[in-house]
Amino acid sequence: RRRHTRFKCDWSSDVCSSDLTERLGAVRVRTPDGTPLADVVSVSAGADSACAVTSKGAAWCWGRNTTSQIGDGTTRERRAAVRVKDARGRIKGVETISVGSGFGCLSRRDGSAWCWGDGFWGNLGDGRSESSKVAVRVIARGGLPRVRQVSAGESHACAATVSGSAFCWGSNLSGELGTGTHKKSPIAVQVRRGAKALGKVTSVSAGNTFSCAWQGAPQAVWCWGANESGEVGDGTGDDQYVAVKVLFSFP
Numbered sequence: 039r040r041r042h043t044r045f046k047c048d049w050s051s052d053v054c055s056s057d058l059t060e061r062l063g064a065v066r067v068r069t070p071d072g073t074p075l076a077d078v079v080s081v082s083a084g085a086d087s088a089c090a091v092t093s094k095g096a097a098w099c100w101g102r103n104t105t106s107q108i109g110d111g112t113t114r115e116r117r118a119a120v121r122v123k124d125a126r127g128r129i130k131g132v133e134t135i136s137v138g139s140g141f142g143c144l145s146r147r148d149g150s151a152w153c154w155g156d157g158f159w160g161n162l163g164d165g166r167s168e169s170s171k172v173a174v175r176v177i178a179r180g181g182l183p184r185v186r187q188v189s190a191g192e193s194h195a196c197a198a199t200v201s202g203s204a205f206c207w208g209s210n211l212s213g214e215l216g217t218g219t220h221k222k223s224p225i226a227v228q229v230r231r232g233a234k235a236l237g238k239v240t241s242v243s244a245g246n247t248f249s250c251a252w253q254g255a256p257q258a259v260w261c262w263g264a265n266e267s268g269e270v271g272d273g274t275g276d277d278q279y280v281a282v283k284v285l286f287s288f289p
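If you want my numbering, it's the 1-based position in the sequence shown plus 38.
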């Protein structure tokens with residue numbers, strides 16, 4: 039029987055399973071020397087890899103690495119957690135992390151956003167459409183405002199900023215960047231709602247080919263992108279190239 043790599047994670051107890059054998063229960067994630075990965079404050083599982091952030095601001099990843107989605111400077115599969123690196127070494131001060139399909143992104147306590155792995159669609163946000171074995175900094179015209187949280191999708195990613203705006207970068211075939219067009223962008227671009235920028239955003243989530251944002255005040259959910267199956271939640275089946283408000287129906 040064919041074996042698959044599977045992940046089951048519970049960040050509150052620092053538990054995950056990841057090896058070449060299917061597991062019926064969770065096992066502890068460990069570093070290459072066998073030490074259990076501890077002090078984890080958040081975790082994210084992607085298509086075939088997973089990552090975690092510790093209370094000390096370190097980012098650790100494990101799993102498949104054919105497109106450098108582990109971010110450790112190699113393409114070697116990692117059956118134990120290893121540190122994510124940038125060009126200067128192990129990346130520090132990590133706040134949030136998100137694993138997409140063949141790439142990952144994180145935000146740091148200094149407000150910057152970084153991505154690594156497969157960058158064919160410009161989804162690393164560094165101005166290129168190339169892959170990177172280590173984390174590279176996400177840029178935007180005029181500078182990317184301080185980021186509070188990131189989310190990586192299939193081939194695009196988004197960020198919520200401290201000032202309440204939303205930015206996305208990468209693939210845009212279905213309008214998942216929310217800019218009003220279907221042109222991809224290798225740098226972060228601001229999400230729009232109509233002719234205006236979407237504001238008062240507290241968090242974002244990037245799906246396969248659509249994205250959503252939570253607006254804290256007034257409380258509302260906004261989505262944009264592919265909508266064939268109603269993913270955007272606006273009551274239609276039409277792709278939406280700018281953010282539209284999700285319609286809620288209460289009994």
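C-beta: ideal position from N, C-alpha, C; glycine also.
- Distances from the CA of N246 to each of R230, W152, F286 and S267 were compared; the closest alpha carbon is that of S267.
- Shown here for T105: same chain residues with a beta carbon closer than 8 angstroms to its own, the five before and five after excluded, namely T113, G140, F141, G155, D156 and S169 in chain order.
- Only residues of its own chain outside the window of five on either side were considered, and among them S212, G213, E214, T247, F248 and S249 have a CB closer than 6 angstroms to the CB of G263, listed in chain order.
- In the pairwise beta carbon analysis, the stretch 178-193 is classified as not touching the stretch 124-131: fewer than three pairs are separated by under 8 angstroms.
- Here L144 carries a strand assignment [DSSP, helix/strand/coil].
- Taken through DSSP and simplified to helix, strand or coil, E133 comes out as strand.
- A residue is called buried once 16 or more other Cβ atoms fall within 10 Å of its Cβ, and P256, having fewer, is exposed.
- Fewer than three Cβ pairs drawn from the stretch 197-211 and the stretch 91-103 lie within less than 8 angstroms of each other, which leaves the two stretches out of contact.
- DSSP, read as helix, strand or coil, puts D77 in coil.
- Around the C-beta of P224, 16 or more other C-beta atoms lie within 10 Å, and the residue is accordingly described as buried.
- Among the bridge pairs identified by DSSP, F205 is matched with A197 and Q228.
- A residue is called buried when at least 16 other Cβ atoms come within 10 angstroms of its Cβ; G72 does not meet this threshold and is exposed.
- Listed in chain order, the beta strand (DSSP E) runs fully inside the stretch 232-270 are 239-244, 248-253 and 258-263, counting runs of at least 3 residues.
- Secondary structure of D124 (DSSP, three-state): strand.
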